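Which chain is which? The protein sequence lines are B and P, in order.
Position one of the first sequence corresponds to residue -13 (the working numbering), numbered consecutively onward.
Position one of the second sequence corresponds to residue 18 (the working numbering), numbered consecutively onward.
Structure, as structure tokens:
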Amino acid sequence: MAEKMAMAKAINESLRRALDADPKVLVMGEDVGKLGGVFRVTDGLQKDFGESRVIDTPLAESGIVGTAIGLALRGYRPVVEIQFDGFVFPAYDQIVTQLAKMHARSLGKVKLPVVVRIPYGGGIGAVEHHSESPEALFAHVAGLKIVSPSNASDAYWMMQQAIQSDDPVIYFEPKRRYWDKAEVDFEAIPAPLHKARVVREGTDLTLAAYGPMVKLCQEAADAAAEEGKSLEVLDLRSVSPLDFDSLQASVEKTRRLVVVHEAPVFFGSGAEIAARITERCFYHLEAPVLRVGGYHAPYPPARLEEAYLPDLDRVLDAVDRSLAY
Amino acid sequence: MTVESSAARKPRRSAAGKAGTTGSKTGTTAGTTGATGTKRTTRTTRSTAKKSTDPELVQLLTPEGKRVKNAEYDAYVAGITPDELRGLYRDMVLTRRFDAEATALQRQGELGLWASLLGQEAAQIGSGRATREDDYVFPTYREHGVAWCRGVDPTNLLGMFRGVNNGGWDPNGNNFHLYTIVIGSQTLHATGYAMGVAKDGADSAVIAYFGDGASSQGDVAESFTFAAVYNAPVVFFCQNNQWAISEPTERQTRVPLYQRAQGYGFPGVRVDGNDVLACLAVTKWALERARNGEGPTLVEAFTYRMGAHTTSDDPTRYRGDEERLAWEAKDPILRLRRYLEASDHADEGFFAELEAESETLGKRVREAVRAMPDPDHFAIFENVYADGHALVDEERAQFAAYQASFADEGGH
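So, in structure tokens, the structure goes:
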């Protein structure tokens, strides 16, 4: 059975399926119950599964993640929502010092299957702290897995896999793509959670992205095609682990790589990709790995975000610079 | 000072009934009935307080080892046998001996660090022995006495202080969670675990340990909030040992810590943390409340950190000997010994035998630590993830190749 639906709805369906399949799965966060979440991602879940499984929490992010850890220790599989990217930092300590390390500290005796959902990224004209892309701050921490779907189908299946994972998963939801619709096949056999996918084949250059920037890269590839350039687009899907094998295979073919993300490029995931692909593909590369992303400045006020965020022209500019080598 | 003056107030246990979250059930538990119970507590504590500046607290054994009546809490230790009393004494003596051995092992370079519990034996043994097997304990990094009560092999506690692991025991083996070094984090884990217990419909209880310093942490405040609004079966056991490294309790709070509970809508009680009987009774009461669905309780065990914060600390820089001497007079082990002797519950043979057992324990700990091997280098890469991670695999392979390059050199 397949159905065309928006990403927000796909995540909702995935949570519903998980709640239905496993009584240990819990959904918790601020406003996730009656309201259904500020983006309505959890709409209707509390009505169907009750207040003890879809839990409106006090307004305290550290408390949400900290109690989710305790619930996981008791055998539950909590899926917690952080309402917005910029609000995760009160929980950062619990995520970094506790959630990420418990399995190693217990020599494998304790597993913490906690999913932390974070709507992230800009492009929706929001106020301060509602548009950030902090994925690199989590990717730096061993013990966490970090994924970000780019479309409704991946959003559905990657949530299923994240909940089934015995490791903590930070699940970054590209909020500006919440309303983009795509076909979701509920009986599909999904790709492995941390495997990248070639969404468009090409020969001249690889564009690598995840989450909200995949769609932009596809548009850039369309535009470049009109100019006779053949761009390959790789949807990385997972930031930790990163699928370097797929990146390497693509770059060995195209010999050029541009990484695109909304997060600041400085110490961003693009920097890590550039370093490792340079190591792996040094003799294949015709140009340095280029990055397109945010600047080393606080996320700007909404009326400036258009200038701050990567757009079609900035991606194509990087493509041109790479091809000019 | 505010602390001094407010310290004289009586415990506000009746507040729970008024606040509503613990609600109508409060009155059904023995010893928790509002006004009369509180009055009795007050009378008891007044009779044992020497000076008006002494804080009011629940006390069943005076520092001189005299048993004093307490209408509210006597019931929780009413059936205690001489054998059980000797057991509490033995627990405290062996825990102190273990602790002393660990301190010595640090001085000998066998441990990198040790956080001594010296002086806090009664708080830990009393509360630890109040727990049931199916209860779950969330410790800080100083709960060696509680670990002892839970049946955790004391040598298991030393791995992280020796630097061979960062925890190293199976928390579910004894329902004793790993030590938590970041201050206060575990109170949220305890609360979440307790929320899970309630969801499961079990009648187990959870106890979270923390200190006066941790009471300033946001996580502790958030754990109070979560525990209160979800009526979680958790006991917050605060060992106020007067010092957070160099900072006295006045740097953490302007009101007695147990009074914090009132603002969250659950009862808070201060107990003499150097009185093992009182700690046992009050913790039993609090755990029973949790089991009965009456929600969280804050217990402030008023005690004293006799030693340094850790072996890396130098308390002479911030506190004087006279304070320590005053607390030595209230020593938890000494007072139970006085009581045992005065009641003819223990003879010289018992004490001599225990002395020998202590030395055997010390020797066993010493030998176990010295025999603890350094972990294999590849342990770095073990258990980082439950389901594996490509980068960890890659780096492990690189590390192996690098190590192997030395083996080749050595072979020539």
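Glycine is no exception: its CB is placed at the ideal position from the N, C-alpha and C atoms.
Computed from a predicted structure; not experimentally measured.
Please name the residue in the options whose C-alpha comes closest to that of residue i.
i                 : options                                    : result
aspartate 299(B)  : Val246(B), Ser119(B), His126(B)            : Val246(B)
lysine 215(B)     : Ser134(B), Pro176(B), Leu309(B)            : Leu309(B)
arginine 149(P)   : Val237(P), Ala307(P), Glu339(P)            : Ala307(P)
aspartate 79(B)   : Ile198(P), Ala245(P), Met389(P)            : Ile198(P)
arginine 262(B)   : Leu243(B), Phe70(B), Met88(B), Asn137(B)   : Leu243(B)
glycine 180(P)    : Tyr275(P), Met389(P), Thr300(P)            : Met389(P)
arginine 2(B)     : Asp17(B), Leu21(B), Lys33(B)               : Lys33(B)
alanine 148(B)    : Gly22(B), Val66(B), Glu292(B)              : Val66(B)
asparagine 309(P) : Ser221(P), Met323(P), Gln76(P), Phe368(P)  : Ser221(P)
threonine 83(B)   : Gly19(B), His126(B), Gly36(B)              : His126(B)
threonine 98(P)   : His206(P), Gly126(P), Leu294(P)            : Leu294(P)
glutamine 76(P)   : Arg413(P), Glu317(P), Phe367(P), Arg334(P) : Glu317(P)
proline 135(B)    : Ser226(B), Ala46(B), Gly56(B), Ala4(B)     : Ser226(B)
Less than 8 Å separating the beta-carbons of residue i and residue j?
i                 : j                    : result
tyrosine 281(P)   : threonine 242(P)     : yes
proline 72(P)     : phenylalanine 319(P) : yes
lysine 167(B)     : methionine -9(B)     : yes
valine 237(P)     : threonine 270(P)     : no
isoleucine 224(P) : phenylalanine 193(P) : no
proline 296(B)    : glutamate 248(B)     : yes
aspartate 187(P)  : aspartate 153(B)     : no
glutamate 238(B)  : cysteine 267(B)      : yes
isoleucine 142(P) : leucine 175(P)       : no
leucine 78(P)     : arginine 352(P)      : yes
valine 305(B)     : leucine 191(B)       : yes
cysteine 296(P)   : valine 286(P)        : no
tyrosine 6(P)     : proline 156(P)       : The displayed coordinates of chain P run from 18 to 429. Any statement about residue 6(P) would go beyond what the structure contains.
lysine 161(B)     : isoleucine 81(B)     : no
leucine 130(B)    : alanine 77(B)        : no
aspartate 152(P)  : leucine 304(P)       : yes
alanine 249(P)    : threonine 208(P)     : yes
Could you tell me which residues DSSP puts in a beta bridge with residue i?
i                    : result
alanine 167(B)       : Inspection of the sequence shows that residue 167(B) is occupied by lysine rather than by alanine. Bridge partners of lysine 167(B): Ala(-8)(B).
glutamine 69(B)      : DSSP, once it has assigned bridges, lists no residue as partnering glutamine 69(B).
methionine 14(B)     : Ile41(B), Val66(B)
phenylalanine 193(P) : Val154(P)
asparagine 257(P)    : Phe319(P)
threonine 314(P)     : Val252(P)
glycine 228(P)       : Gln256(P)
proline 250(B)       : Gly280(B)
alanine 194(B)       : Leu220(B), Val245(B)
glutamate 265(B)     : In the DSSP output, where bridge partners are listed per residue, glutamate 265(B) has none listed.
tyrosine 157(B)      : Arg103(B), Val133(B)
serine 226(B)        : Ile132(B)
Starting from the C-beta of residue i, find all residues in its chain whose C-beta is less than 7 Å away, skip the five residues before and the five after it, and write them out in chain order.
i                : result
glutamate 138(P) : Met109, Thr112, Arg113, Gly162, Pro349, Ile350
alanine 219(P)   : none
aspartate 330(P) : Ile262
glycine 256(B)   : Val245, His247, Arg277, Gly279
leucine 102(P)   : Leu357, His362
glycine 40(P)    : Low confidence applies here, because glycine 40(P) scores a pLDDT of 33, under 50, leaving its location unreliable and the question unanswered by this model.
Given that residue i touches chain P, what residues does it touch there, using C-beta distances under 8 Å?
i               : result
histidine 89(B) : Asn400, Val401, Tyr402, Ala403
proline 44(B)   : Glu239, Thr242, Phe243, Val246
glycine 36(B)   : Residues of chain P passing the Cβ test: none, with the nearest at roughly 11 Å.
Could you list which residues in chain B have their beta carbon closer than 8 Å to that of residue i, in chain order?
i                 : result
asparagine 309(P) : Those do not exist, as asparagine 309(P) stays about 19 Å from chain B at its closest Cβ, beyond 8 Å.
Along chain P, which residues have their Cβ under 7 Å away from the Cβ of residue i?
i               : result
valine 96(B)    : Pro188
threonine 83(B) : Val199, Ser202
leucine 5(B)    : Within 7 Å Cβ-Cβ: nothing; leucine 5(B) doesn't reach chain P, min ~14 Å.
Apart from the five residues just before and just after residue i, which ones in its own chain have a Cβ nearer than 8 Å to its Cβ?
i              : result
valine 409(P)  : Phe398, Val401, Tyr402
alanine 346(P) : Pro80
arginine 63(P) : For arginine 63(P), the predicted structure reports a pLDDT of 37, less than 50, and the residue's modelled location is therefore unreliable. The matter cannot be settled from this model.
Which residues in chain P have a C-beta closer than 9 Å to the C-beta of residue i? List them in chain order.
i                : result
isoleucine 55(B) : Ser202, Leu205, His206, Gly209, Tyr210
aspartate 190(B) : Those do not exist, as aspartate 190(B) stays about 28 Å from chain P at its closest Cβ, beyond 9 Å.
glycine 23(B)    : Result: empty, since nearest Cβ-Cβ is about 19 Å, beyond 9 Å.
glycine 30(B)    : Within 9 Å Cβ-Cβ: nothing; glycine 30(B) doesn't reach chain P, min ~21 Å.
Residues in its own chain within less than 6 Å of residue i by CB, not counting five upstream and five downstream?
i                 : result
valine 349(B)     : The requested residue 349(B) is not part of the displayed model; chain B covers only -13 to 311.
serine 0(B)       : Tyr142, Met145, Gln146
asparagine 315(B) : Past the edges of chain B, shown from -13 to 311, lies residue 315(B), and the structure says nothing about it.
serine 119(B)     : Tyr106, Gly107, Glu248, Ala249
alanine 36(P)     : In this prediction, alanine 36(P) scores a pLDDT of 38, lower than 50, which makes its location untrustworthy; no coordinate-derived value is stated.
lysine 201(B)     : none
So which residues on chain B does residue i lean against when the C-beta distance must stay under 7 Å?
i                 : result
asparagine 182(P) : Leu93
leucine 195(P)    : Arg91, Ser92
valine 214(P)     : Arg60
Whose Cβ in chain B lies nearer than 9 Å to the Cβ of residue i?
i              : result
alanine 407(P) : His180, Pro227, Leu228, Asp229, Phe230, Asp231
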